[in-house]
Amino acid sequence: MSEDSASRRVVDGRWVVSRTWVMQHTGASAATVARWYAQRDQYPEELQFPEVACVLERTHYYDQEAVEAFWNAWRQDVGTGRLQAAGRRPGDGRGNHGGGWGRDRRDRAVALALAELRQAGGYRRGMATRLAHEHGGSERSWQRAMTEARVVYERERAAVGR
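Using my numbering, the letters of the sequence shown correspond one by one to residues 94 to 255.
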């Protein structure tokens, strides 16, 4: 069976589509489509994701016209700027979404690693291991802090070289 026939079928004279088809049609991630379905009761009727029309081979299918109507209303009301985010807060990709005690601890570790780099005049093998032994914590955490500090250190050196 082709991918299209698995994600889109005719049942009782109407087209029904799977979540895979919805993801391809909207550009949303699996988590976003799952959230639309799970939280549909929290939205006004015109913005609610459709109910399951049928289940075939353990796959949920939705009425295609209802999905397209939902998607048109969603784009007009909400837009598509945050698709694939699944409702998560944006973070900086490091630590505790840019805040909290985890990020604060990492910032202190990066500052210590940066001081080591400045004192040594650049990176030396084993610096992260030595910092882990001196200050506690895992070696891997200090390696991450050293990687961040090296980026800052290289930017500083490039700015001085200009």
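Beta carbons: idealized from backbone N, C-alpha and C, even for Gly.
Query raised in the report: Residues bridged to THR68 by DSSP?
Result: For the chain, the structure presents residues 94 to 255; residue 68 sits outside this window and is missing.
Query raised in the report: Excluding sequence positions up to five away, which residues of its chain have a Cβ less than 6 Å from the Cβ of TRP129?
Result: Counting only Cβ-Cβ distances below 6 Å, and skipping sequence neighbours, we find PHE142.
Query - Same chain, Cβ closer than 7 Å to TYR216, five either side skipped, listed in chain order - result: LEU210, ARG243
Query raised in the report: Are the CB atoms of ASP105 and LEU140 nearer to each other than 9 Å?
Result: no
Query raised in the report: Could you check where the beta strand (DSSP E) with ARG101 kicks off and where it finishes?
Result: 101-104
Query raised in the report: Which partner residues does TRP108 have in the DSSP bridge list?
Result: TRP108 is bridged to VAL103.
Query raised in the report: Given a threshold of 16 other Cβ atoms within 10 Å of its Cβ, counted over all protein chains shown, does ALA252 qualify as buried or as exposed?
Result: exposed
**Report entry** Spatial distance of ALA202 from ASN165 (CA atoms)
**Finding:** The alpha-carbon atoms of ALA202 and ASN165 are separated by roughly 48 Å.
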